[in-house]
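Colleague: Before anything else, here's the structure in question.
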Amino acid sequence: MGKMNMKKNIAIIGGGPAGLMAAEKLSAGGVSVTVYDAMPSVGRKFLMAGSHGGLNLTHSEELNSFLTRYRAATPHMDAAISSFPPQALIDWCHGLGQETFIGTSGRVFPVVKQSKNLLRAWLKRLEEQGVRFAPRHRWTGWNEQGELAFETPDGEVCAKPDATLLALGGASWPRTGSNGAWVDILSRENVALAPLEPSNCGFIVPWSPYFSGRFAGQPLKPVTLTVDGKTLQGELMITDKGIEGSVVYALSGVLREQLHANGKAIVHVDLRHGLSCETLVKHLQAPRKAQSFSTYLRKAGGLSAVAIGLLREMTPPESLPINDIEKLAKLIKALPLTLTATAPMARAISTAGGVRFDALDEHFMLRDKAGVFVAGEMLDWDAPTGGYLLQGCFSTGVAAAQGIAKYLRE
Ligand SMILES: Cc1cc2nc3c(=O)[nH]c(=O)nc-3n(C[C@H](O)[C@H](O)[C@H](O)COP(=O)(O)OP(=O)(O)OC[C@H]3O[C@@H](n4cnc5c(N)ncnc54)[C@H](O)[C@@H]3O)c2cc1C
44 MGKMNMKKNI AIIGGGPAGL MAAEKLSAGG VSVTVYDAMP SVGRKFLMAG SHGGLNLTHS
104 EELNSFLTRY RAATPHMDAA ISSFPPQALI DWCHGLGQET FIGTSGRVFP VVKQSKNLLR
164 AWLKRLEEQG VRFAPRHRWT GWNEQGELAF ETPDGEVCAK PDATLLALGG ASWPRTGSNG
224 AWVDILSREN VALAPLEPSN CGFIVPWSPY FSGRFAGQPL KPVTLTVDGK TLQGELMITD
284 KGIEGSVVYA LSGVLREQLH ANGKAIVHVD LRHGLSCETL VKHLQAPRKA QSFSTYLRKA
344 GGLSAVAIGL LREMTPPESL PINDIEKLAK LIKALPLTLT ATAPMARAIS TAGGVRFDAL
404 DEHFMLRDKA GVFVAGEMLD WDAPTGGYLL QGCFSTGVAA AQGIAKYLRE
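Residue numbering for the sequence shown follows this note's numbering, beginning at 44 and increasing consecutively.
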């Protein structure tokens with residue numbers, strides 16, 4: 044990004060990965076940048092992302108297959124991700140003194156798995172580049188003069204920048220600051236929005252009080268889930284109201300579509316991962332003797348207590364094929380589980396929906412609001428966990444910064 048007129052002022056609202064990346068690129072180009080955030084400090088969700096099993100920055104898979112992870116939004120994300128691809132993000136991380144490694148699943152993490160050091164080094168760089176931070180500035184929209192209006196502890200503050208980037212995030216984990224309140228502001232301005240929905244989220248299963256009391260908090264791992272012919276392996280966690288976990292998150296897009304279409308979603312759970320149905324039948328042929336059915340399933344079938352509990356929970360006693368081993372094995376290998384809703388947004392990893400791509404030009408500027416750009420999770424794209432979320436935020440942050448630079452030049 045070439046040097047630009049020092050007098051140009053850019054307001055970036057939202058200090059998450061998308062906003063901060065845009066701030067870095069624009070300030071490096073010599074523009075005066077202020078990052079406004081409602082919270083007392085920036086990057087709270089980024090810090091949280093690093094606290095749950097490590098910061099999964101991006102994924103090492105080949106770019107073409109990487110891009111397919113954005114499903115319907117792939118055509119809109121392609122240019123941004125191709126011009127700031129996973130390797131550029133990894134190099135950026137190294138440039139901030141944080142080495143990375145590729146995990147067994149191809150996911151890329153900083154060696155220091157929390158985000159703290161990376162964020163600290165990043166904020167230092169931004170300050171050195173002259174980025175100003177305005178914490179405790181809650182954006183409430185545009186006033187009658189077309190200025191940005193912020194609620195602060197000292198009353199209302201207004202700003203009239205040369206360009207604005209909205210990088211306000213989704214609506215999950217609202218205590219990190221991303222509460223989706225911008226939906227009302229942008230609806231008032233007639234910006235086309237797709238409804239926000241939880242993504243990479245848990246789902247509700249109406250458990251019996253006995254089952255949730257006995258098994259909530261217990262994992263089924265490894266487990267294989269199949270939805271609509273799509274089969275994935277990973278960890279499933281029983282919660283007091285349903286299921287969550289990596290494999291559930293990864294299938295959340297398809298499951299949400301089923302819920303929309305049918306009012307329920309059905310997932311088939313393989314309770315005896317790693318064993319073919321035929322082998323399981325052979326194991327189950329072991330004489331049951333005086334064992335209880337559960338003991339028999341545990342000893343002959345090799346099922347865990349939670350797997351047995353789930354089998355019993357989902358199958359009325361009269362329908363359990365106790366004496367038909369082939370039928371029993373089939374049920375164990377593909378137990379249908381009915382999900383009735385998504386778990387609440389506040390607990391989701393991310394949100395689908397947001398500012399629709401047809402409201403934007405190819406530089407991420409709102410077609411009907413010249414000089415106002417949008418980046419990050421508040422855009423209408425969705426992706427599974429695996430580093431695709433952060434990569435999407437960083438890449439659209441870079442693309443919007445390039446769009447702003449171009450807008451200022453012209
Ligand atoms: C538990 C958890 C773990 C995760 N782990 C990973 C992971 O390992 N890998 C991965 O790729 N992704 C992960 N994610 C997702 C990832 O963190 C988000 O997709 C990403 O942070 C979104 O970046 P963003 O810049 O769009 O918005 P955010 O990071 O949400 O930042 C938005 C900012 O806008 C501010 N803001 C909101 N409204 C206003 C307002 N009205 N006025 C002023 N400021 C406002 C907020 O305070 C916030 O600072 C995880 C998410 C969660 C919740």
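Ideal Cβ placement from N, Cα and C applies to all residues, glycine included.
Output the distance between the C-alpha atoms of Ala-339 and Leu-353, rounded to the nearest integer angstrom.
Modeller: Residue identity check: residue 339 is Tyr in the sequence provided, not Ala. Cα to Cα, the separation comes out at about 15 Å.
Colleague: For the segment 148-165 against the segment 74-92, do three or more pairs of beta-carbon atoms, one drawn from each stretch, fall closer than 8 Å, so that the two count as touching?
Modeller: Yes, the segment 148-165 is in contact with the segment 74-92.
Colleague: List the endpoints of the continuous alpha helix (DSSP H) containing Pro-196.
Modeller: Run containing Pro-196: none; DSSP gives neither H nor E here.
Colleague: Thr-381 to Ala-418, Cα distance in whole Å?
Modeller: C-alpha separation (whole angstroms): 36 Å.
Colleague: Quick one: grab the DSSP three-state call for Leu-100.
Modeller: Of the three classes helix, strand and coil, the one that applies to Leu-100 here is coil, per DSSP.
Colleague: Ordered along the chain, which non-local residues of its own chain (more than five positions away) have a Cβ less than 7 Å from that of Thr-282?
Modeller: Closer than 7 Å at Cβ, skipping near neighbours: Gly-245, Ala-259.
Colleague: Classify Ser-242 as helix, strand or coil using the three-state DSSP reduction.
Modeller: Ser-242 falls in the strand class under three-state DSSP.
Colleague: Which same chain residues end up closer than 6 Å to Ala-143 when comparing Cβ atoms and leaving out the 5 residues on each side of it in sequence?
Modeller: The amino acid occupying residue 143 in the given sequence is Thr; Ala does not appear at that position. Counting only Cβ-Cβ distances below 6 Å, and skipping sequence neighbours, we find Ile-133, Cys-136, Val-151, Pro-153.
Colleague: Within 10 Å of its beta-carbon, does Ala-389 have 16 or more other beta-carbons around it, so buried, or fewer, so exposed?
Modeller: Classification of Ala-389: exposed, given that the 10 Å Cβ count is below 16.
Colleague: According to the neighbour-count rule (16 or more other Cβ atoms, all chains shown, within 10 Å of its Cβ), is Gly-213 buried or exposed?
Modeller: So Gly-213 ends up on the buried side.
Colleague: Under the three-state reduction of DSSP, which class applies to Ile-447: helix, strand or coil?
Modeller: It is helical.
Colleague: Alpha carbon to alpha carbon, how far is Ser-289 from Gly-446?
Modeller: Whole-angstrom Cα-Cα distance: 35 Å.
Colleague: Go through its chain and collect everything with a Cβ distance to Leu-100's Cβ below 8 Å, but skip five positions before and after it.
Modeller: Answer for Leu-100: Leu-132, Ile-133, Cys-136, Thr-143, Val-151, Phe-152, Pro-153, Gly-430, Leu-433, Gln-434, listed in chain order.
Colleague: In angstroms with no decimal places, state the Cα-to-Cα distance between Ala-350 and Cys-436.
Modeller: Approximately 38 Å, taken between the alpha carbons.
Colleague: Relative to the alpha-carbon of Pro-238, which residue among Gly-396, Leu-374, Leu-229 has its alpha-carbon at the smallest distance?
Modeller: Nearest of Gly-396, Leu-374, Leu-229 to Pro-238, Cα basis: Gly-396.
Colleague: Check each candidate in Thr-358, Ala-61, Tyr-79, Leu-403 and name the one with the smallest Cα separation from His-180.
Modeller: Among Thr-358, Ala-61, Tyr-79, Leu-403, the Cα nearest to that of His-180 belongs to Tyr-79.
Colleague: Going by DSSP in three states, Trp-424 sits in which element: helix, strand or coil?
Modeller: Trp-424: coil per DSSP, three-state reduction.
Colleague: For ligand 1, any of its heavy atoms closer than 7 Å to the Cβ of Pro-60?
Modeller: Pro-60: yes, Cβ under 7 Å from ligand 1.
Colleague: Please confirm whether Leu-98 has its beta-carbon closer than 8 Å to some beta-carbon of chain D.
Modeller: Judged by its chain identifiers, the structure shown contains no chain D, having just a single protein chain.
Colleague: Can you tell which of Thr-77, Ser-108, Ala-377 has its C-alpha closest to the C-alpha of Val-266?
Modeller: The option with the nearest alpha carbon to Val-266 is Ala-377.
Colleague: DSSP puts Trp-185 in a beta bridge; with which residues?
Modeller: According to DSSP, which records beta bridges pairwise, Trp-185 is partnered with Leu-191.
Colleague: Indicate, with yes or no, if ligand 1 has a heavy atom lying under 7 Å from the CB of His-316.
Modeller: No, the Cβ of His-316 stays beyond 7 Å of every heavy atom of ligand 1.
Colleague: Count the other CB atoms, across all protein chains shown, that sit within 10 Å of the CB of His-119; report buried if there are 16 or more and exposed otherwise.
Modeller: His-119 is buried by the Cβ-count criterion.
Colleague: Taking only three categories from DSSP, how would you classify Phe-144?
Modeller: Phe-144: strand per DSSP, three-state reduction.
Colleague: Taking only the alpha-carbon atoms, compute the straight-line gap between Pro-379 and Val-312 and give it to the nearest angstrom.
Modeller: Looking at the two C-alpha atoms, the distance is approximately 6 Å.
Colleague: Helix, strand or coil: how does DSSP classify Tyr-79 here?
Modeller: Strand, per DSSP.
Colleague: DSSP state of Leu-110, grouped into three classes?
Modeller: In the structure shown, Leu-110 sits in a helix (DSSP, three-state: H, G or I).
Colleague: For Gly-217 and Ala-192, I'd like the C-alpha separation in whole angstroms.
Modeller: Checking the displayed sequence, the identity of residue 217 turns out to be Pro instead of Gly. Near 21 Å, if we compare the C-alpha coordinates of Ala-192 and Pro-217.
Colleague: For Ala-164, which residues from the same chain have a beta carbon less than 8 Å from its beta carbon, with the 5 sequence-adjacent residues on both sides left out?
Modeller: Closer than 8 Å at Cβ, skipping near neighbours: Leu-139, Gly-140, Gln-141.
Colleague: For Glu-287, write down the residues that DSSP places opposite it in a beta bridge.
Modeller: DSSP, once it has assigned bridges, lists Met-280 as partnering Glu-287.
Colleague: Taking the continuous beta strand (DSSP E) assigned at Asp-313, which residues delimit it?
Modeller: Note, Asp-313: beta strand (DSSP E), 308-313.
Colleague: Does the Cβ of Met-280 lie closer than 7 Å to at least one heavy atom of ligand 1?
Modeller: Answer for Met-280: no, Cβ out of range of ligand 1.
Colleague: Going along the chain, which residues of its own chain have a beta-carbon closer than 7 Å to the beta-carbon of Val-200, five neighbours each way excluded?
Modeller: Correct list, in chain order: His-180, Phe-193.
Colleague: Would you decide whether Arg-112 is buried or exposed? Buried here means 16 or more other CB atoms lie within 10 Å of its CB.
Modeller: Result: buried.
Colleague: For the alpha helix (DSSP H) that Phe-416 lies in, which residues bound it at each end?
Modeller: Per DSSP, Phe-416 belongs to no alpha helix (DSSP H); it is in the beta strand (DSSP E), 415-417.
Colleague: Since Ile-247 sits in a beta bridge, which residues does DSSP pair it with?
Modeller: DSSP, once it has assigned bridges, lists Gly-285, Ala-384 as partnering Ile-247.
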